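Okay, so here's the structure we're looking at.
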């Protein structure tokens, strides 16, 4: 039935209610526009199941409607439902796939075998050679044959731009008419296959420079920082101070700075100054030029930058491709790993913004970045500086590009330094803040770091709390020894870490493979290429399911970035900081160790910075929970901290006072951003916290992590109880509607048998096989509140175990349980091979160069080359 028929029937039967209905439709439309989540529930299925279960009175009241339901009765409710369904359907028709979610498990089931091709991996496609439209078109077409999206075109040089013997993309071809013509060729091939081609918005990296064109046209946007010089003067001593941007002085008491005495004593030209009584320290600041942490040459703290940069790049795509933006061109991969500037980065706007945010003169706080004062105000000064720098960087570099892309229905992929808290402080200031801005937060996963959870978890937390897709650039610089087994292991683990958008690094336009700087190359020269669709299909199904619903996590780990900010004087005090405060190293090592311990024991968790901790709330009932955006946590874990936001501290204390589980790892914070390193209020709260019965101090250091895991498993029923193979078993639990989805991945090179007891879920148990799209029922034994399934995994096998409460459980034999049984070895055993004594092995070996060259020596590839003296290693263990 079409919309007109519905309207005609309504008018015929309810003429007297038309004014009310029109008012209702208008209000609902306004409500829908302000609450896009409503249409999310309609996406894919045109079914508003979640909202149809809400009483019409409450829905209308929420929307602010004068509903008059007494006269309209059930028909009004039906029409409200129809309106929401139809408006959701219209949204689908013109809505990019990346914006959709399918939260109805029945729809996810129907789509599982053949999910949208957008969920297939997207190549990081390096255009690193002289452009050839025919080559671009043929390569794009070949990628689509393996169901690999051509991904993101990235203009690059060879890695050594000064070496003209190596192929590179001429910088003048980037964003030229030829570039756009070649892009059109690739886009046409992608669209013909129902796939997409996006772009990177920079030649090489970091983004924002437009291949040097920004500075060529606007040299005033060159990156700046403050150099500083420190001098001590005795009272009544007159000194001639050199010209400076500004000069600040403060009194020393017993060798320690009194922050209350800091004042600006001069700026501009050289001047004479006589120190008052006592001992004084004088800081002189000069503006100088220095590329940033990641070699960015432009000033990312200058609001004028994006006004110049966006027209040079993004608007050229819009002018050429128009409405293809947001469709065939779905988004932009922004290869800017974080680079707000060098050390004490500077722009003329920065102190102005500081005054707006802090109602203070930034200049008189700068000595506290490099020197601790007697009252501990340095901690507040450093927090304030980083917070303002992050605000300017985020709102005047990232946000304008993100908003431009959003206006064109395109996503923004971030690709930032996430490796350590120190990197985050140096390069971005506030990592999780930037990830909240991005429409598709991402992570840069080099080599086989996919097997380590550390670099994923903060970004995954943002994506879960904000309901955003999550990108990973995988296996960067993995080398020519990269194997299909590693490719499968990578997808297995990153799916457990929440990835929904996979970008393999990479495919090179330059086909002289001996010259590429960052191998491997994922293209036709590989024996696996003709089978790559098996990998892309597996990835597509895994990512599709992973994008739906929400993660189930019992534990919340607090992010301690403010404590790192407060202890960073060494960063500002040396040209290249390698020595960090021992307290920072302890924070980083413990924070990372907690992540590793929880993941290694299949305890899932999310992470909260001060923003999420302050937006969260304590919920009481059958048990005490901490709720952040609908995610409910049974326990909060604190790493060592130096300072903590007062409101954040109060909420953690309230949670513990009401019986919530809190775990401490050594040093509790004694200060705050509000008061500095010594905050009596925080000290009082922390003293009370550590003495509450629901609080456990599990100590500090690697040996303590086992105690944390043990206590958590005793206090909170584990989501999974695993008997059998446990090592390298990657797991995650998602809730999609009323279904429970468990990702189980065996990243061992041996088969694995295990019995897994599942805490949550009921009804029919199934295995959703991402390799072939099949859904198979499995039986389980229910005992002590758990559903235990005997599972068998081939090497590197992974699948979803799904509980469907809408169907009754089955007692079918588990085909995937294998024929073997688990036996405990007790005493001496004699083991014989099951295959009639045949031992299979491979003679394949890999050459290992013993130098650090980035490229293969071309002579190695020549016919007749003598390789008898090469060092080899076996591919497999014998």
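In my numbering, the protein residues as written are 1 to 878.
Even for Gly, the Cβ is constructed at its ideal location relative to N, Cα and C.
From a predicted model like this one, the values you see are computed outputs, not experimental measurements.
### Query
Using 8 angstroms as the Cβ pair cut-off and three pairs as the minimum, do the segment 616 to 626 and the segment 649 to 665 touch?
yes
### Separation of residue 743 from residue 787, as counted between CA atoms
15 angstroms
### Query
Roughly how many angstroms lie between the CA atoms of residue 289 and residue 741, to the nearest whole one?
53 angstroms
### Task
Pull up the distance between the alpha-carbon of residue 794 and that of residue 753, whole angstroms please.
Roughly 9 angstroms separates the two Cα atoms.
### Query
Hey, would you say residue 407 sits closer than 9 angstroms to residue 417, going by beta carbons?
In this structure, residue 417 does not lie closer than 9 angstroms to residue 407 by Cβ.
### Task
Could you say if the segment 323 to 338 and the segment 374 to 387 meet the contact criterion of at least three C-beta pairs nearer than 8 angstroms?
Verdict: no, contact absent.
### Task
Compute the Euclidean distance between the alpha carbons of residue 634 and residue 506, then round it to the nearest angstrom.
41 angstroms
### Query
Do you know whose CA, among 205, 256, 556, lies nearest residue 881's CA?
Outside the displayed range of the chain (1 to 878) lies residue 881, so it cannot be described from this structure.
### Task
Determine, using beta carbons only, whether residue 454 and residue 595 come nearer to each other than 9 angstroms.
yes
### Query
Within the chosen definition, does the segment 552 to 571 reach the segment 179 to 194 through at least 3 CB pairs nearer than 8 angstroms?
No: fewer than three Cβ pairs fall under 8 angstroms.
### Query
If you draw a straight line from the C-alpha of residue 240 to the C-alpha of residue 270, how long is it?
7 angstroms
### Message
Please classify residue 151 as buried or exposed, where buried requires at least 16 neighbouring CB atoms within 10 angstroms.
### Response
buried
### Proximity to residue 149 [Cα-Cα], best of 322, 501, 257, 812
501
### Task
Kindly list the residues whose CB is nearer than 7 angstroms to the CB of residue 593, restricted to its own chain and excluding five residues on each side of it in sequence; keep chain order.
Only residues of its own chain outside the window of five on either side were considered, and among them 702, 705 have a CB closer than 7 angstroms to the CB of residue 593, listed in chain order.
### Message
So for residue 408, helix, strand or coil by DSSP?
### Response
coil
### Query
The alpha helix (DSSP H) with residue 777 in it runs from where to where?
Where residue 777 is concerned, there is no enclosing alpha helix (DSSP H), although the beta strand (DSSP E) it sits in stretches over 775 to 778.
### Query
What is the residue span of the beta strand (DSSP E) that residue 800 lies within?
798 to 804
### Task
With DSSP collapsed to three states, give me the class of residue 357.
helix
### Query
With 16 other CB atoms within 10 Å as the buried threshold, where does residue 531 fall?
exposed
#### Entry: residue 843, DSSP secondary structure in three states
Because the pLDDT of residue 843 is 42, which lies under 50, any placement of that residue in the model is unreliable, and the number read from its coordinates should be weighed accordingly. Of the three classes helix, strand and coil, the one that applies to residue 843 here is coil, per DSSP.
### Task
Can you give me the start and stop residues for the alpha helix (DSSP H) that residue 436 sits inside?
The continuous alpha helix (DSSP H) containing residue 436 extends over residues 431 to 437.
### Task
Measure the C-alpha to C-alpha separation of residue 338 and residue 487 and round it to an integer number of angstroms.
27 angstroms
#### Entry: For residue 203, three-class secondary structure by DSSP
Coil.
### Query
Based on the DSSP output, what are the partners of residue 734 in its beta bridges?
551, 741
### Query
Going along the chain, which residues of its own chain have a beta-carbon closer than 7 angstroms to the beta-carbon of residue 541, five neighbours each way excluded?
112, 115, 770, 773
### Task
Report all residues from its chain with a CB closer than 8 angstroms to the CB of residue 342; omit the five preceding and five following residues, and keep chain order.
223, 225, 290, 291, 292, 293
### Contacts around residue 835, its chain only, beta-carbon distance under 7 angstroms, and the 5 residues preceding and following it disregarded
Here residue 835 scores only 47 on pLDDT, less than 50, and its place in the model should not be relied on; the value that follows carries that caveat. Apart from the 5 residues on each side of it in sequence, residue 835 has no Cβ closer than 7 angstroms to any other Cβ in its chain.
### Message
Rounded to the nearest angstrom, what separates residue 106 and residue 632 at their Cα positions?
### Response
25 angstroms
### Query
Looking only at C-alpha atoms, which of 213, 201, 141 sits nearest to residue 172?
213
### Query
Who pairs with residue 625 in a beta bridge, going by DSSP?
619
### Query
Which one of 324, 605, 125, 548 has the shortest CA to CA distance from residue 511?
125
### Task
Could you tell me whether the segment 354 to 369 touches the segment 379 to 386, using the rule of 3 or more Cβ pairs below 8 angstroms?
yes
### Query
Can you tell which of 470, 693, 423 has the C-alpha that lies nearest to the C-alpha of residue 438?
470
### Query
Of all the options 629, 537, 535, which has the alpha carbon lying nearest to the alpha carbon of residue 611?
When each option's Cα is compared against that of residue 611, the closest is 629.
### Query
Which one or two residues does DSSP pair with residue 545 in a beta bridge?
The partner list for residue 545 (beta bridge, DSSP) is empty, contrary to what the question assumes.
### Task
Take residue 128 and list the residues in its own chain whose beta-carbon comes closer than 7 angstroms to its own, dropping the five residues that flank it on each side.
156, 157, 158, 167, 168, 169, 508, 509, 510
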